[in-house]
Structure formats: structure tokens, C-alpha cells
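One structure is given below, encoded as C-alpha cells.
Residue numbers (my numbering), protein chains in the order written: chain A, 63 to 403; chain B, 63 to 403.
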């Protein structure tokens, strides 16, 4: 098992990401291929012994504000492009990066290609829900606008993901919307609802963002713009609530007595949310395991993202999605019988 | 000062809403006109003495799941329509309802009409931010899709609202988007950014949902679908975080010692968030003060919504918006000089 880690994406310095990679090597007994500035990586790894790892020297950086398609096309010596090419060439089993989401998507499309019969890959994020489970929200940023057919594909891929990797026996798929009733939403949502209701057997209706986090749906589909807005709103509200609560507790004399007893609980809460949030989002629909970590990922988050990649490889996620999508589309009359190209 | 309260909208029973109305009468020294089932209202009010109030007998109900335009057109004997007509006829100064947002919007459009030069009214919600202030997010549900010109109008109206009612001297206006950089978002967001940058003097750029709740923008504009998704995501994340925290604290033995000291703080937090959330959202751009309370409003929330209505009337919000919009549009070369019709 060899997993490439892009050490140059995201907000944190490479040293932080490398630390996460090292932890993954030790925890999961795998090999990590560090892509980035070779000299810097060697300096960081110097303090460790007996590490199963190697380095891809690719010092070119793709910045967070760069045009994704430009960057993926032109920066061929970036850790992003070189890392993904390693997967294509069979030199690695998976690729993990906290980089510019659009650039990762573009690089994956150019170098790995789409799965047969998938129109557009999507990025899925596992949202922790109040009932203790997770809901896969897809797409959260790969495609700003999506057709109903693309949402169907997200639903199909998400269903396979939740079955095969998360052990959910009968995944329920919802459509992210501003109301539960069928006639809700903008033009796109209305069309999507009608289409999904007709075509997706396990479609279970509209789901509002506040309802989603209570639980009850295993996969929720949306276009990338709406999904990204929703996700960032979740993140912002949680972060502000926790900070507000801590600030509020500080000010109250009464609460000050309670704080020593409470602190472990608050810390655990923050960790659980962070760990879930930063588990790493799979790019579903490309011909290779690509996991996008949160841009703000620290070492623990990177380690988790690598774990997600490992599990995806072990469960043959790509093969299962490819076969599963083909079967679903044949079943729905949207594709021709025969093994996928 | 006479304010109509629709006692039949929302999730809570009329008795709850009426209690909020009574509290408003006492607190703010105003008259409330209760619209709804007369017999029921009289029964509820029977326990009080010396109340400045009257009743509009309009027992027809507009349900949450009804088609807004149908309901507003056909259910002429509903508390919604009768209440708004009272404002049109000059029998009341403002209208407050926790009803079906679309129906309130439709009824307001049909019976009060738009302000001159406003293409589409929008619903603004004051989102509490970490810096202790509020940001007006508009539109959160009146219009699923919006043109850049309509977003500009929201920005102009929102600016006037924050200046005149919230005392903000130089309101900054942002565009809700999935990234801060100028080239971010879907087709609509890209067009909107370009337009707002050119046309709105106090436009301060894109703002992501997680950044919004930290503070720094006084008005944030968006189409109603995106705004509604964002708002519901905020609400859901906060609610789930608070419930998770309480559940988490219950389970921890250590934290159990802290709970008696902590409880007042948690309660205060919930109340602050609720009160802010449930302050009542103004419908900006119609020829009358219409405040839409949260569907889940309890008596306190209703009382707050009535207070918002009162303040809007006292500050001549409608007149200021009308004049302010006219001035802005003339200044921007988008309207002709001369007093608004």
C-alpha cells in the first residue's frame, strides 16, 4: 500500500503535513510517498528512523487562489500533478492533498480520467449527524452547477460508497433543498427532484440543511455551489458557537467554578467535530483514489485523510463504484448492458 | 401605533402567539390587532384586563405547505390577507406573521405593492456575529433566483436598513459566495460580483458563510435559495452543537459536577441565539412594514418581531428606503431624477 501525500497544499506548512504522513506510516503500516520540495522533505524526515517512505521531487506549488484548470495544465512539476501521475502510472495506490479543490479535481480529470459512464466526478464530505452516524454530502465543490443527471450519478456513487465503505445496508438518498415538500426550491431543485424521484430507487425526498444534521439520510446530493455554501455555514456556525460558549463561560463567575470539570468535555467535542470534518473527502468518479483533505488540515487531519485513502483502496472503492454505477445505469435504462470500458 | 398580528401562521398554536402579542402591548405601549379565529382569540384574551387591542375575524388559514401565490390570491378571508389589507387600508401601521414565507410575500405584493423602482422585495434576517454585532442577510427566501440587479437592490435597501434602524454609519455590503477571491462561484455569483463591484459604492467583496458569522460585513446579499440554505445550515449546526454538548456533558461524570454552575450560561446562550434568530425578518421593498417571524416562534419571539415592526414604523423605514433607493439609483445612473411615484 503506497499513498502519495502532497506536502504543499493547504494553509499549513509542509512540516505539519509531513508529520501527519509519518504518523500514518506508523499507525497504518503503509508506505507514504511525500511529494514536494525534496530538500525540505528530507530535512523533516531526518529525525525519524525506519520509515517506509519515498519522495517525489516536485517543488512547484499550486496556490489556493490560482485558476484550477490553468494550474493543473501548466504546473506539471507541481506536487499535485506529479502526485496524481504517480497513481496513474501505478507507482502509488492513492493520492491525498489539502490543496485547492478545483485544481485537484482538474488534475485528477486530466491525468486519471473519469470512470466510464460518469459525466462529472463529485467531492463527498462525511457530515457527522446527531444520531451518531455520518451523512455523505456530495457535491461540495467540484462542480458549481449540476444537471439532474449528474445529481443522479452522485446519488448512485454515494450509495455505493456508504454501502461498501461505511457498511450501510440500505442507503437513503436525499436532495438538499430549502423545504421538504416536493414543490420546493429553485428551478434546478425542482427539476432535480422530479428526475430523482423517477429514476433513483432509493431516493427519499428533499432534505433541509437543518434536518440533515439530525440524521436519517445516508447520502445527500446537491450542486457544488450549494453544497459548499452549506458546508461552510455548518463549519462557521459550529466554530462560532464553540468560541462563543467558551467566551461566555469565561465571563460568568458561576461557570468559572464549573470550568475545570467541563474542559475535558469541551475538548473532546472539538476533537470529535474536527476529526470528522477533517476525515478527508473522496473525489468520486475518477479512475483512482483521490482524497481531498480540508485546506486547514493539521497533522491529525492529514493522518485521517490517509486512513480514508487506505480504506478506499482496501475495499476496491474504484472498482465497486465503476461496476455499481454501470449496474445502476443499466437497470435504470440509462446505459447499455456489457462490461464497462 | 397599531400592529396586526397574524395568530394563525407558523408551527405553534394561536394561544402562544397571542401571548406574545399581549406581552408586546404591555411592554411597548402599543395596540395590537389580533387577526384569526375571533372566538378563539376572545377566549384567550378573556383573562386580561385593560388591553389596547382589537380583533380581525379571519378564520381561514394558510398552511405551511400551500402554494404561496394560490393561497394569497384565493384565501381572501385568511388572517394573512386580511391582516395585510388592514395595513393597506391604513387601519394598521405594520403586519407581523410567522406564516408561510412565500405566502406572506405574495400577499404583500398583491395587496401592498412594491416600492417604486424595486423589482423584487427580499426578506432580510439579522444574523448575530461573533464580534457582538449583526449582519443583515438578504434574501433568505422570497426569491429563489435573482439577477445581479436584484442583488444590487437588496444591497441598497439593506444599507439603508442598517443605517437607519441599526445605527451603522458606513455599512459594508458583501456577496455570499464559496470563496473570497473575485473569480469564485457559479455563473450567477460571477456575474453578480462583477456587477456589484461596478455599481455599488459600498460593495466590499465576496464573503463565505463561515466568515460571515465572524463579523465584518453589515449586509450580505444572495439569492433566496442560497440564503435559505445558508440560514438553515446555521440553525441546524447551532442546534445540533448545543444538543450534542448537553448530551455529552450528561454522560461525563466529571462534567456532571460542573453542570449546576454551567446551566445558567448554557440557557443564556440558547436564549441569546434564539432571541436574535427570532427577532423577526423584515420584508424589504414592499409599500408597508411587514415582519416575518420564524415559523417556530414562541411568545417571546413574537413579542420581539412586534418590537422590530414598531421600530420600523417609528423610524419611517418605508419612506427612508423609498427615498434612499431612489437616490442611489439616480446616483448610479439607473433611474431618472425626480421624486419617486
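By construction, the Cβ of each residue, glycine as well, lies at the ideal position given by its N, Cα and C atoms.
Boundaries (first-last residue) of the beta strand (DSSP E) holding residue i
i              : result
residue 390(B) : Unbroken run through residue 390(B) is the alpha helix (DSSP H), 379 to 393; no beta strand (DSSP E).
residue 43(B)  : Nothing about residue 43(B) can be reported from this structure: the residues present for chain B run from 63 to 403 only.
residue 200(A) : 196 to 200
residue 218(A) : From DSSP, residue 218(A) is part of no beta strand (DSSP E) but of the alpha helix (DSSP H) over 210 to 226.
residue 282(A) : 281 to 283
Residues of its chain near residue i, where Cβ-Cβ distance is below 6 angstroms and the 5 sequence neighbours each way are ignored
i              : result
residue 371(A) : 65, 156, 158, 351 and 353
residue 144(B) : 97, 118 and 120
residue 109(B) : none
residue 205(A) : 182 and 286
residue 387(A) : 179 and 218
residue 131(B) : 168
residue 284(B) : 238
residue 114(A) : 87 and 93
residue 208(B) : 285
residue 399(A) : 392
Residues of its chain near residue i, where Cβ-Cβ distance is below 8 angstroms and the 5 sequence neighbours each way are ignored
i              : result
residue 192(B) : 275, 276 and 277
residue 295(A) : 271
residue 101(B) : none
residue 397(B) : 179, 388 and 391
residue 135(A) : 168 and 172
residue 139(B) : 120, 121 and 122
residue 174(A) : 146, 149, 150, 348, 349, 350 and 352
Which residues DSSP lists as bridging residue i, in chain order
i              : result
residue 265(A) : 235(A)
residue 346(B) : 184(B)
residue 105(B) : Looking at the DSSP assignment, residue 105(B) forms no beta bridge with any residue, so it has no partner.
residue 157(A) : 66(A) and 352(A)
residue 176(A) : 348(A)
residue 122(A) : 140(A)
residue 190(B) : 196(B)
Residue span of the alpha helix (DSSP H) that contains residue i, given as start and end
i              : result
residue 113(B) : Taken as a continuous stretch (DSSP letters only), residue 113(B) belongs to no alpha helix (DSSP H), as it is neither H nor E.
residue 84(A)  : 76 to 90
residue 362(A) : 361 to 376
residue 272(B) : 271 to 274
Same chain, Cβ closer than 7 angstroms to residue i, five either side skipped, listed in chain order
i              : result
residue 73(A)  : 357 and 358
residue 85(A)  : 361 and 365
residue 161(B) : 68, 71, 72, 124 and 142
residue 63(A)  : 92, 93, 155, 372 and 375
residue 137(A) : 122, 124 and 143
residue 382(B) : 222 and 226
For residue j and residue i, the rounded distance between their alpha carbons
i              : j              : result
residue 293(B) : residue 202(B) : 7 angstroms
residue 200(A) : residue 262(A) : 15 angstroms
residue 229(B) : residue 377(B) : 11 angstroms
residue 304(B) : residue 235(A) : 26 angstroms
residue 79(B)  : residue 177(A) : 55 angstroms
residue 240(B) : residue 269(B) : 8 angstroms
residue 345(A) : residue 212(B) : 35 angstroms
residue 146(A) : residue 245(B) : 25 angstroms
residue 297(B) : residue 290(B) : 10 angstroms
residue 266(B) : residue 259(B) : 8 angstroms
residue 148(B) : residue 237(B) : 36 angstroms
residue 368(B) : residue 164(B) : 20 angstroms
residue 255(B) : residue 227(A) : 40 angstroms
residue 280(A) : residue 273(A) : 12 angstroms
residue 128(A) : residue 299(A) : 28 angstroms
residue 307(A) : residue 233(B) : 28 angstroms
residue 282(B) : residue 393(A) : 45 angstroms
residue 221(A) : residue 348(A) : 16 angstroms
residue 76(B)  : residue 379(B) : 28 angstroms
residue 126(A) : residue 83(B)  : 52 angstroms
residue 250(B) : residue 116(B) : 47 angstroms
residue 243(B) : residue 194(B) : 26 angstroms
residue 190(A) : residue 152(A) : 33 angstroms
residue 253(A) : residue 215(A) : 15 angstroms
residue 81(B)  : residue 225(B) : 32 angstroms
residue 133(A) : residue 104(A) : 26 angstroms
residue 231(B) : residue 257(A) : 49 angstroms
residue 111(A) : residue 184(A) : 38 angstroms
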